[in-house]
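**Q**
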Amino acid sequence: MAFSKSCDSSLCQQPPAQDFAREGFVVLTEFLDIHEVERIRTSVESALTLPRHPACTRPHNTLLPLRWNDDIVDLVLRFDDRVQILSDALRADDLKWISGYVSIKEAHSPALWWHQDWWCWDHPVSYRRAAPQVALLCYLTDTSVYNGALRILPGSHLKSAPIHAALPEAHGHTAEDLEPDHIAMDNLSDQVTLCLKAGDAVAIDYRLLHGTHGNPSEKRRDCIILNFAPSWKRLPDDIKAHLINHPAQPSDEEIAPASATTAKLLPSFKGARLSLPLNRNAPSSFEIVS
Ligand SMILES: O=C(O)CCC(=O)C(=O)O
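Residue numbers for the sequence shown follow the working numbering, so the first one is 4 and each next one is one higher.
#1: Sorted by chain position, which residues of the same chain lie with C-beta nearer than 7 Å to A92's C-beta, five sequence neighbours on each side aside?
#2: Per DSSP, Y104 is paired with what?
#3: Would you call the CB atoms of A114 and H216 closer than 8 Å?
#4: Pick from L143, A152, T146 and V128: whose alpha carbon is nearest that of H160?
#5: Tell me the DSSP secondary structure of K99 in three-state form.
#6: Spatial neighbours of S9 within its chain, please: C-beta separation below 7 Å, excluding the five flanking residues on both sides.
#7: From I43, R42 and I155, pick the residue whose C-alpha is nearest to that of Y209; which is it?
#8: Which of the three DSSP states, helix, strand or coil, is assigned to S49?
#9: Hey, I242 and H63 are a contact pair by Cβ (cut 8 Å); roughly how many whole angstroms apart?
#10: How would you write the range of the beta strand (DSSP E) that V29 sits in, first residue to last?
#11: Provide the residue(s) that pair with V282 in DSSP beta bridges, ordered along the chain.
#12: What do you reckon, is the C-beta of C226 under 7 Å from a heavy atom of ligand 1?
#13: Put Y130 into one of helix, strand or coil per three-state DSSP.
#14: Any idea which residues DSSP pairs A206 with across the strands?
#15: Quick check: what's the CA-CA separation for A5 versus Y149?
#16: Comparing alpha-carbon positions, which option in P233, H245 and S288 lies nearest H167?
#17: Identify the continuous beta strand (DSSP E) that holds R276 and give its terminal residues.
#18: Could you check what DSSP says for L80 in three-state terms: helix, strand or coil?
#19: Report the three-state DSSP secondary structure of E41 (helix, strand or coil).
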């Protein structure tokens, strides 16, 4: 099997109907043009030369945090029409940017285990149909099952699947000890693998189960992740107070957003910032109907 092989059509599925609310994901092809991809790649190379916090390296995946005034965030979000494309695809009524990361799948790295990113499963907002948070993943390289393509389980944001009961905590340390043959590392019969081109993006509900194929290739695979609240105005105050407290957001002393578009996307909240207790474990059995 040639690891440099591009997407094998027998292994990469065409995504099903693009209904974000129902499926929990939506693909945005050619979200970035190739010149922007090149510029972002250059910025990623510089970011990689800076000292890194050890917490950013988790098994089989390195995350470099981005802040509101980072040029990579500005490069992705600087155009109103592009932000509108994202907003329309999500049917967002008050889209706000929360945080961002460069997500790296190193060469020769095994799969990233099945997980979801929602962090507050004890809160009633978790059981609304509408996504409380969304991750936009913008790929800087063509991806395939041979270099860390994303795999997702459609609909798993609204209804548990048998695998929910077997998963370690999403960003916890128990995942470090997973054997390669653990179910959390394996292919699932209902999964969809998204073999995307450099410049394509996919937006996923934070509650959606996802992971990546391994990257047995010789080359690093990079992705920019930007996280949003699609309906900031409808979020409960305690969730807003927690999100506005994210280190990626401007502190009380920081002003002057990098560009007008980025400024419009920053959330505002008049109350005090707070840190809610985290629960990253989805119930092993749930169904969200209303
Ligand atoms: O880098 C990717 O393709 C996925 C990263 C991911 O699943 C995550 O950061 O939650």
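All residues carry an ideal CB built from backbone N, CA and C; glycine is no exception. Quantities reported herein were computed from a predicted structural model and do not represent experimental measurements.
**A** From the atom records:
#1: Translated into the one-based positions of the sequence shown, residue 92 becomes position 89. If we look at A92 and ignore the five residues flanking it on each side, its Cβ neighbours are F23, V29, L31 and A206.
#2: The residue given as residue 104 occupies position 101 in the sequence shown. P68 and I228.
#3: In the sequence shown, counting from the first residue as 1, residue 114 sits at position 111. In the sequence shown, counting from the first residue as 1, residue 216 sits at position 213. Cβ atoms of A114 and H216: closer than 8 Å.
#4: One-based indexing of the sequence shown puts residue 160 at position 157. Ranking L143, A152, T146 and V128 by Cα distance to H160 puts V128 first.
#5: Taking the sequence shown and counting its residues from 1, one reaches residue 99 at position 96. In the three-state DSSP reduction, K99 falls in the strand class (E or B).
#6: Numbered from 1 along the sequence shown, position 6 holds the residue referred to as residue 9. Only weak support is given to the placement of S9: the predicted model assigns it a pLDDT of 38, under 50, and the value that follows is read from those uncertain coordinates. Hits under 7 Å: D145 and S147.
#7: Locating residue 209 in the sequence shown gives position 206, where the first residue counts as 1. Considering only alpha carbons, the answer is I155.
#8: Residue numbering aside, residue 49 sits at position 46 when the sequence shown is read from its first letter. For S49, the secondary structure class from DSSP, reduced to helix, strand or coil, is helix.
#9: Within the sequence shown, residue 242 is the residue found at index 239, counting from 1. Within the sequence shown, residue 63 is the residue found at index 60, counting from 1. Not a contact, Cβ separation roughly 30 Å.
#10: Working through the sequence shown from its first residue, we reach residue 29 at position 26. Where V29 is concerned, the enclosing beta strand (DSSP E) stretches over F28 to L31.
#11: Taking the first residue of the sequence shown as 1, we reach residue 282 at position 279. Checking the sequence, you will find Asn at residue 282 rather than Val. According to DSSP, N282 bridges with C123.
#12: Position 223 of the sequence shown holds residue 226. C226 Cβ: within cutoff of ligand 1.
#13: Taking the first residue of the sequence shown as 1, we reach residue 130 at position 127. DSSP places Y130 in helix when its eight states are reduced to three.
#14: Working through the sequence shown from its first residue, we reach residue 206 at position 203. A206 pairs with V29 and L139.
#15: Taking the first residue of the sequence shown as position 1, residue 5 is located at position 2. Taking the first residue of the sequence shown as position 1, residue 149 is located at position 146. Low per-residue confidence applies at A5: pLDDT is 27, beneath 50, and the placement is therefore not dependable enough to give any value.
#16: Within the sequence shown, numbered from 1, the residue matching residue 167 stands at position 164. For H167, the nearest C-alpha among the options comes from S288.
#17: Here residue 276 corresponds to residue number 273 of the sequence shown, with the count starting at 1. Per DSSP, R276 lies in no beta strand (DSSP E) and is assigned neither H nor E.
#18: Locating residue 80 in the sequence shown gives position 77, counting from the first residue. In the structure shown, L80 sits in a helix (DSSP, three-state: H, G or I).
#19: Counting from 1 along the sequence shown, the entry for residue 41 is found at position 38. E41: helix per DSSP, three-state reduction.
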